[in-house]
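Here the structure comes first, spelled out in structure tokens, and everything after it is commentary.
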Amino acid sequence: MTEVSAVSPNWLTTRLDFLTNWARANSLWPMPFGTACCAIEFMATAASRFDLARFGMERMSFSPRQADVLICAGRLPFKLAPVIRKIWDQMPQPKWAISMGACASSGGIFDTYTMVQGIDTIIPVDVYVPGCPPRPEGLMYGIMLLQKKIKGESFRDADLRQEHLVGPDGLFLPAERIDEVSEPFGNSVQQTRSA
Amino acid sequence: MTASAGSGTVAAAPSPSVAALTARFGPAIRRHEVSVGDTIVYVAPDRAHEVLAWLRDDPGQRFDYLTDVTAVEYRDRERPLEVVWQLRALGRGADLRVKVELDPGRPLEVDSVYDLWRGADWLEREVYDMFGVRFRGHPDLRRILMWETYREGHPLRKDFPLRGHFSRAEQTRQALAANPEAHYSIQELSIAAAYDELPGDMKERLSRGERGDVA
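For the record, the sequence lines run as chains F and L. Residue numbers 0 to 194, in numbering that gives the first Met the number 0, belong to the letters of the first sequence in order. Residue numbers 0 to 214, in numbering that gives the first Met the number 0, belong to the letters of the second sequence in order.
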């Protein structure tokens, strides 16, 4: 009868990737971490006019245990850094993070003693949405980019689902990297560290 | 109802409380001025509590509401640091601003008015947190806006750099090492029922009096 070739599992693996990625990308459950005005735009995105439910995201997960994507909407002060880190650690794999707005992505205008200069110094981030705050279309574009990213993932990539924990030095990134990405820019280059 | 209260007109005449204060306390009332209709009274720091208690209790004054406690440091290093009490007499609709001047070269200390107005509790904690002014007699003088293990100093002082003293990496390291749940004092958890429902490890921490290491 028909002979099943022993060298064709690639086809099956690719299809399984496609199936799981399709399911994952279209049923993202967001964990909203709204701290500022970006959260208002985020709420508008979830409400009827823009309707996030079209992307399978109508179920806001206020428990990190049942969430897939952390959306940090707003500025993150150092006081909240251990909180968002703990929430991220509590989220099960697979998980992704969206940094919404200028403050979450870079500290924004708040180049001060209280503010984390980009949440990527605390947790790994997949998509950065620029804007101050971004319009709902901007956030939805970021979500669609994330969906595109998810659809390109593969089971074979073992590093993809690896947890990036806080290291023994108490930092998520190397100290030099944090100092480098937190360099002052714009008006704040005029400020000296010793006043 | 006095004419100066909230009328928006620039009143040249100071509040009648100034004359009463000068008659009662003499040299402890150092000077006064009128700024956009508001009377400001400068008081000797060691007698501030006495003056404020009299302003609250005297039948002719009755400043029964403490609107705000704050502090001011000027860019001019020669000028003293001021602690400000903004008072209001709800019955009369009158306002009065009382200030003391503290030498920034010496320990910043002034008596707490927590015993006069309970609302001073968090206001004084904020002034302590931001300026480092210690309020003698405050029952629980801890940081309120910054976290308790914050080690960089008092952010609203003029010698504090806007981006903080430490490098961003060090700030991030200290922030990630903070335990947000270790900040409750036993005073905050004094309701017996709430104490019983606490997790065991938190009870154990509190029984040892631990609430994060305060610098």
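All C-beta atoms in this analysis are idealised placements derived from N, C-alpha and C, irrespective of residue type, glycine included.
Contact between the segment 129 to 147 of chain L and the segment 102 to 117 of chain L is present: three or more C-beta pairs spanning the two stretches fall below 8 Å.
Scanning the segment 91 to 149 of chain L from its first residue to its last, the whole alpha helix (DSSP H) runs of 4-plus residues come out as 119 to 130.
Under DSSP, the beta-bridge partners assigned to Arg87(L) are Tyr64(L) and Asp94(L). By the neighbour-count criterion, in which 16 or more other beta carbons inside 10 Å mark a residue as buried, Asn20(F) falls on the buried side.
Glu123(L) and Pro129(F) have their alpha carbons spaced roughly 39 Å apart. For the pair Ile39(F) and Gly100(F), the Cα-to-Cα distance works out to about 12 Å. In the structure shown, Asp16(F) adopts helical secondary structure according to DSSP, grouped into three states. Just measuring C-alpha positions, the residue of Gln146(F), Ile142(F) and Asp119(F) sitting nearest Thr171(L) is Asp119(F).
The Cβ-Cβ distance between Asp110(F) and Ser166(L) does not fall below 7 Å. Only buried fits Ala119(L), as 16 or more other CB atoms lie within 10 angstroms of its CB. Its Cα nearest to that of Glu180(L), the residue Glu147(L) stands out among Glu147(L), Ala19(L) and Glu100(L).
Proximity of Ala119(L) to chain F, defined by a Cβ-Cβ separation below 7 Å, is not satisfied.
In this chain, the alpha helix (DSSP H) harbouring Ile177(F) covers Ala174 to Val180. Excluding five sequence positions before and after Ala52(L), the CB atoms of its chain that fall closer than 7 Å to its own CB belong to Leu115, given in chain order.
For Ser181(F), the chain L residues whose C-beta falls within less than 7 Å of its own C-beta are Arg167, listed in chain order.
Distance from the Cα of Pro58(L) is smallest, within the candidate group Arg91(L), Arg117(L), Thr21(L) and Arg141(L), for Arg91(L). In the DSSP annotation of this structure, Ile86(F) is not part of any beta strand (DSSP E); the continuous alpha helix (DSSP H) holding it starts and ends at Ala80 to Gln89.
Among the bridge pairs identified by DSSP, Pro31(F) is matched with Ile70(F).
Only residues of its own chain outside the window of five on either side were considered, and among them Leu51 and Ala119 have a CB closer than 6 Å to the CB of Val112(L), listed in chain order. About 19 Å separates the beta carbons of Leu54(L) and Ala70(L), which is beyond the 8 Å limit, so they are not a contact pair. Within the segment 102 to 147 of chain F, the complete beta strand (DSSP E) segments at least 3 residues long are 126 to 128, listed from N- to C-terminus. In this model, Gly152(L) and Ile149(F) are separated by some 45 Å (Cα to Cα).
Contact between the segment 154 to 164 of chain F and the segment 62 to 72 of chain F is absent: fewer than 3 CB-CB pairs across the two stretches fall below 8 Å.
Taking C-alpha positions only, Trp95(F) is separated from Ile121(F) by approximately 14 Å. Residue-level contact by beta carbon holds for Phe77(F) and chain L, with a gap shorter than 7 Å.
Per the coordinates, the alpha-carbon of Ala35(F) lies some 26 Å from the alpha-carbon of His164(L).
Taking CB atoms only, Arg162(L) has a neighbour in chain F less than 7 Å away. Contact note: Pro179(L) reaches chain F through Lys78, Leu79, Pro81, Val82 and Lys85, using a C-beta cutoff of 9 Å and chain order.
If the five residues before and after Leu155(L) are omitted, its C-beta is found closer than 6 Å to the C-beta atoms of Met129 and Phe130, all from its own chain and listed in chain order. For Asp56(L), the uninterrupted alpha helix (DSSP H) segment begins and ends at Ala47 to Asp56. Residue burial is scored here from C-beta neighbours: Val68(L) has at least 16 other C-beta atoms within 10 angstroms and is therefore classed as buried. Annotation: the continuous beta strand (DSSP E) that includes Ser98(F) extends over Trp95 to Met99. At a cut-off of 7 Å between beta-carbon atoms, Thr171(L) makes contact with chain F.
With a 10 Å radius around the Cβ and a threshold of 16 neighbouring Cβ atoms, Met143(F) comes out exposed. Separation of the CB atoms of Arg29(L) and Tyr41(L) is rounded to 4 Å, and the pair is thereby assigned contact status at 8 Å.
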